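Everything below concerns the one structure shown next.
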Amino acid sequence: MKTMMMSLICFMCYGKWNFKSAYNTIYQGQEKSALFKEIVKTVFKDEFPEDADTLSFLTMSDLNRLTGILALKKGEQLADIACGRGGPGMWVARKTGAAVRGVDISEEAVAAATRRIPDFGLERKAEFGIGSFYATGLETHGCDGIMSVDALWLAPDRNRALREISRVLKPGGRFAFTTWDGNIPFMPDDHKKNLEDSGFDIEVYEETRGWKERQLAVYEGIINAKAMLEKEMGKRLAAPIIKEAKSTPPVLDKSRRIIVGARKRQYR
Ligand SMILES: C[S@@+](CC[C@H](N)C(=O)[O-])C[C@H]1O[C@@H](n2cnc3c(N)ncnc32)[C@H](O)[C@@H]1O
């Protein structure tokens, strides 16, 4: 039932059943559009994470909080799952002196992230490849910390994703992420039980401040700028973000955007 609902929501949001193809289109559009970034920047003001330049609702406060939760030391290894164009993981790596490996299902995202490595001065410390929440392709116990921004909701089999994250994480390492929870069909009410059952102790579980106003304002900006976005990106590339802007607001009524920090237990 949950899988069916998830597919239905995917269909409503993207008009297709395939996230990989939808995100490839979105990233092609984002690369062409200065206006899309301007819309987000206007809403986020000083919370806009300029360097990270994300495809998410990540704020500067979130970035600093994720960095604090991960508590990485210089030379340690970070992974960013569903890394998109690589900004969040590279921002944290640059700030902490850690190395980062990012994985994403979208080839467009991985190619863009790889191109951006020199922007962060991480030529020998950042690497990106194709991988998913269920099969990251990363080494067992190879990471001191794992992060993920606004993407865990895209892995409907939450326990399977958390098992993979636990496999890759060293005992005692932290998984820090933002996503949504709430009383809507394809998400668990909260992620606490899934995390605990997968061998994590929860250290932080908080709603992010001001998220809903920002998210709705970005959607409103997109709808108001529809014609200009279509002109800039082309109708085909603009279609997925316009569709998301129209279809997501009602879903948010029963949802919360959260930031979570969970530590993998030493022994299971
Ligand atoms: C909202 S974007 C966030 C991207 C990035 N974290 C950021 O903040 O810019 C969601 C990302 O999840 C990726 N994605 C979707 N399903 C995935 C899966 N099952 N495993 C890994 N990545 C996935 C998409 O390709 C997309 O890059």
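Position in the sequence shown counted from 1, then plus 197, gives you the working numbering.
Just so it is clear, CB atoms sit at the ideal spot from N, CA and C, and this is done for glycine as well.
Just so you know, these numbers come straight off a predicted model, no measurement behind them.
- When the five nearest sequence neighbours on each side are left out, the beta carbons in the same chain lying within less than 7 Å of the beta carbon of residue 409 are those of 449, in order along the chain.
- Shown here, residue 271 sits in coil according to DSSP, grouped into three states, outside any helix or strand.
- In the displayed model, residue 298 falls within a strand according to three-state DSSP.
- Distance from the C-beta of residue 352 to the nearest heavy atom of ligand 1 is below 8 Å.
- By the CB criterion at 9 Å, residue 461 and residue 363 fall inside the cutoff.
- A distance criterion of 8 Å places the beta-carbon of residue 345 in contact range of ligand 1, judged by its closest non-hydrogen atom.
- Assigned with DSSP and collapsed to three states, residue 241 falls in helix.
- Going by C-alpha positions, residue 286 is about 23 Å away from residue 356.
- According to DSSP, residue 405 shares a beta bridge with no other residue.
- Annotation for residue 332: 361 place their beta carbon closer than 8 Å to its own, counting only its chain and skipping 5 residues before and after.
- DSSP assignment within the region 313 to 380 yields the following whole alpha helix (DSSP H) runs of 4 residues or more, N-terminal first: 355 to 365.
- In the assembly as shown, residue 375 is a buried residue. Its beta-carbon has 16 or more other beta-carbons within 10 Å.
- For residue 330, the shortest separation between its Cβ and any heavy atom of ligand 1 lies below 8 Å.
- With fewer than 16 other CB atoms across the displayed protein chains lying within 10 angstroms of its CB, residue 312 is exposed.
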